[in-house]
Amino acid sequence: MANAFFKWIDCTDKRRPRDMIRRPDTVLRIAQLTDLHLPGEVELAKRLRQLVSNKASFDNVSHEISAISNEFGHHYRSERKLYTNLIKKTLVGLHRLGVDHLVITGDLVHCGLAAEFLDIRAALEITGWWGEEKLTVIPGNHDRFNLYERLPSEPMETFFPVVTPREPRFKILPNGVALLEIDSNRDPIDDRHYLERWLPNTVGRIYPEALDWVDRNRGQIAGHRLITLVHHHVTSDWYPTRASTIWGLMEPADGVDHLVEAIELVDPYSIILHGHKHDVMAVDYTLGTHQVGCPGGFASSLRFNILDFNVHGEQVMTQLELRP
Ligand SMILES: [Fe+2]
């Protein structure tokens, strides 16, 4: 029974019983996980020594502070094995729920290091979620920006088949549903945000080139129900105000309004799934005609969403939580 793995939280269809069983009229069941933030094994003491050394320039110091505070902020920093096992348990449980396709809306890893990417990829492979027909992953800011720039790393592309900021992609799933994969990270070389030396790519950006691509290629998925996948959040009225909000560090991605206009030409009711904010969004939340989903940072909340499409093209979202 899946109930041994997961707790039912809420569902958009209030007439349904409070369970997670896949209904007979479901033609496609999608799971959304986000912000796993799998932690790496970076030696903190070494970086603290670098921080206080005389050679450290201002830029180095600010970068180190940002990296270290990120690390201390990680809930499972000291319990990496336990956390990886919780992820594996969830991935196994998704099979029991009858999930057809898994989407992860960014920040799979915490520091952007190769060892972390290899760990999460291994967890996906070992639990049977590897492969384009079963899995779609988009990059988050933690995946794109190595928090420890002074340690060697490889781009996310080395480990996952992901899109880039200026070229998105459509993926056609069975039974009339398609995904739009967007990379909402700012180009780290050509277009670095002034706040990035403190917090890498916290404010996302949707590039006009990406929207032109959607416009040119929307014929590929004509008539499909569209699910738009984007890491950064698209609205700001659903989470509490915090210090980071005041400084503009956690504002919705730049260019979001244009993204919404572009997807409405494809599907006026496109669902939008995102992450980045670790607050849990209520399953009933909508932006205009768009149902929006953000189950919060998995590392903090252990929550995820299930999206069911039925024979009539209607969708129902259910939020579940892992029983650790
Ligand atoms: Fe993020």
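Just so we're aligned, residue 119 is where the sequence shown starts under this note's numbering, counting upward by one. We treat Cβ as the ideally placed atom computed from N, Cα and C, and that holds for glycine.
To the nearest angstrom, how far is it from the Cα of Glu243 to the Cα of His260? Stepping through the sequence shown from its first residue, residue 243 is reached at position 125. Stepping through the sequence shown from its first residue, residue 260 is reached at position 142. Per the coordinates, the alpha-carbon of Glu243 lies some 21 Å from the alpha-carbon of His260.
Could you have a look at Arg140 and say whether DSSP puts it in helix, strand or coil? Translated into positions along the sequence shown, residue 140 becomes position 22. Note: Arg140 maps to coil in three-state DSSP.
Suppose only complete runs of 3+ residues qualify. What are the beta strand (DSSP E) ranges in the region 234–302, listed by chain order? 253–255, 287–291 and 295–299
His349 (DSSP reduced to helix, strand or coil): One-based indexing of the sequence shown puts residue 349 at position 231. In the structure shown, His349 sits in coil (DSSP, three-state: anything other than H, G, I, E or B).
Roughly how many angstroms separate the alpha carbons of Leu329 and His376, rounded to a whole number? Along the sequence shown, read from residue 1 onward, the residue named residue 329 stands at position 211. Along the sequence shown, read from residue 1 onward, the residue named residue 376 stands at position 258. Using only the alpha carbons, I get a separation of about 8 Å.
Alpha carbon of Leu231 to alpha carbon of Leu347, nearest angstrom: Reading the sequence shown from its first residue, position 113 is the one you call residue 231. Reading the sequence shown from its first residue, position 229 is the one you call residue 347. Cα-Cα distance, rounded: 23 Å.
Compute the Euclidean distance between the alpha carbons of Asp153 and Glu382, then round it to the nearest angstrom. For this step, residue 153 is matched to residue 35 along the sequence shown. For this step, residue 382 is matched to residue 264 along the sequence shown. Rounded to whole angstroms, the gap between the alpha carbons of Asp153 and Glu382 is 26 Å.
Anticipated Cβ contact below 8 Å, Thr144 with Asn428, distance rounded: Position 26 of the sequence shown holds residue 144. Position 310 of the sequence shown holds residue 428. Right, their Cβ atoms sit about 6 Å apart.
Short check: CB of Val410 to CB of His392, under 9 Å? Taking the sequence shown and counting its residues from 1, one reaches residue 410 at position 292. Taking the sequence shown and counting its residues from 1, one reaches residue 392 at position 274. Yes, Cβ-Cβ distance for Val410 and His392 is below 9 Å.
I'd like to check one pair, Asp385 with Leu146: are the Cβ atoms closer than 9 Å? Along the sequence shown, read from residue 1 onward, the residue named residue 146 stands at position 28. Along the sequence shown, read from residue 1 onward, the residue named residue 385 stands at position 267. The Cβ atoms of Leu146 and Asp385 do not sit closer than 9 Å to each other.
DSSP beta-bridge partners for Ile460? In the structure as shown, the chain begins at 119 and stops at 442. Residue 460 is therefore absent and cannot be evaluated.
Cα-Cα separation between Cys412 and Glu327, rounded to whole angstroms: The sequence position of residue 412 within the sequence shown is 294, counting from 1. The sequence position of residue 327 within the sequence shown is 209, counting from 1. Going by the C-alpha atoms only, they are around 25 Å apart.
How about Asp301: is its Cβ closer than 8 Å to a heavy atom in ligand 1? Mapped onto the sequence shown, residue 301 falls at position 183. For ligand 1, not one heavy atom lies less than 8 Å from the Cβ of Asp301.
Which same chain residues end up closer than 7 Å to Ser354 when comparing Cβ atoms and leaving out the 5 residues on each side of it in sequence? Along the sequence shown, read from residue 1 onward, the residue named residue 354 stands at position 236. Around Ser354: Glu369 and Pro370.
Taking Arg134 as the reference, give the member of Ile390, Met435 and Trp331 with the closest Cα. Position 16 of the sequence shown, counting from 1, holds the residue named residue 134. It is Met435.
Exposed or buried, what is Thr276 when buried is set at 16 or more other beta-carbons lying within 10 Å of its beta-carbon? The residue you call residue 276 lines up with position 158 of the sequence shown. It counts as exposed.
Which residues are close to ligand 1, meaning CB closer than 5 Å to any heavy atom, in chain order? Asp225, Gly258, Asn259 and His394
So Gln338 packs on Thr223, CB below 8 Å; how close in whole Å? Within the sequence shown, the letter at position 220 stands for residue 338. Within the sequence shown, the letter at position 105 stands for residue 223. Rounded, the Cβ-Cβ distance is 21 Å, inconsistent with contact.
Can you grab the Cα-Cα spacing for the pair Asp128 / Arg136, in whole Å? As a working mapping, residue 128 is identified with position 10 in the sequence shown. As a working mapping, residue 136 is identified with position 18 in the sequence shown. In a straight line, the C-alpha of Asp128 is about 8 Å away from that of Arg136.
Pull up the distance between the alpha-carbon of Ser419 and that of Ile389, whole angstroms please. Here the question's residue 419 lines up with position 301 in the sequence shown. Here the question's residue 389 lines up with position 271 in the sequence shown. Near 22 Å, if we compare the C-alpha coordinates of Ile389 and Ser419.
Mark Pro283 as exposed unless 16 or more other C-beta atoms lie within 10 angstroms of its C-beta, in which case mark it buried. Reading the sequence shown from its first residue, position 165 is the one you call residue 283. It counts as buried.
Just verifying my parser: in three-state terms, what is the DSSP assignment at Lys132? Your numbering for residue 132 matches position 14 in the sequence shown. It is coil, neither helix nor strand.
Mapping the DSSP letters down to three states, classify Ile324 as helix, strand or coil. Stepping through the sequence shown from its first residue, residue 324 is reached at position 206. Looking at Ile324 - three-state DSSP - the assignment turns out to be coil, as it is neither helix nor strand.
Tell me which same chain residues have a C-beta within less than 6 Å of the C-beta of Glu299, skipping the five on either side of it? Here residue 299 is taken as the residue at index 181 of the sequence shown, counted from 1. Closer than 6 Å at the Cβ level, and outside the excluded window around Glu299, lie Ile256, Val281, Pro286, Arg287 and Leu347.
Pick helix, strand or coil for Arg147, following the three-state DSSP scheme. In the sequence shown, counting from the first residue as 1, residue 147 sits at position 29. In this structure, DSSP gives Arg147 an extended state, which the three-state scheme calls strand.
Where does Gly211 land, buried or exposed, given buried means 16+ other C-beta within 10 angstroms? As a working note, residue 211 is residue 93 in the sequence shown. Around the CB of Gly211, 16 or more other CB atoms lie within 10 Å, so the residue is classed as buried.
Nearest chain B C-beta to Val429 closer than 9 Å, yes or no? Within the model displayed, chain B is absent; a lone protein chain is all it includes.
To the nearest angstrom, how far is it from the Cα of Trp247 to the Cα of Arg421? To locate residue 247, count along the sequence shown from 1; it is residue 129. To locate residue 421, count along the sequence shown from 1; it is residue 303. Answer to the nearest angstrom: the Cα atoms are 18 Å apart.
Which one or two residues does DSSP pair with Met435 in a beta bridge? Sequence index remark: in the sequence shown, residue 435 carries index 317 (1-based). According to DSSP, Met435 bridges with Leu425.
Neighbourhood of Met274 by C-beta, 6 Å cutoff - its chain only, sequence neighbours within 5 removed: Your numbering for residue 274 matches position 156 in the sequence shown. Pro257, Asp261 and Val280.
Where does Glu356 sit, in a helix, a strand or coil, going by DSSP? Counting from 1 along the sequence shown, the entry for residue 356 is found at position 238. Here residue 356 is Trp; the residue named in the question, Glu, does not match the sequence. Three-state result, Trp356: coil.
Among the residues of its own chain, which have a CB less than 7 Å from the CB of Ala380, if the five just before and after it don't count? In the sequence shown, counting from the first residue as 1, residue 380 sits at position 262. Excluding sequence neighbours, Ala380 sits near Leu329, Val332 and Asp333.
With 16 as the cutoff for other CB atoms within 10 Å, does Asp237 come out buried or exposed? Taking the sequence shown and counting its residues from 1, the one referred to as residue 237 is at position 119. That one is buried.
Proximity winner among Val398, Ile324 and Leu405, relative to Gly414 (alpha-carbon distances): Residue mapping note: residue 414 aligns to position 296 of the sequence shown, counting from 1. It is Val398 whose Cα lies nearest to the Cα of Gly414.
CA nearest to the CA of Ser302, picked from Thr407, Tyr201, Glu197 and Val321: Walking along the sequence shown from the start, residue 302 turns up at place 184. Minimum Cα distance to Ser302 is reached at Val321.
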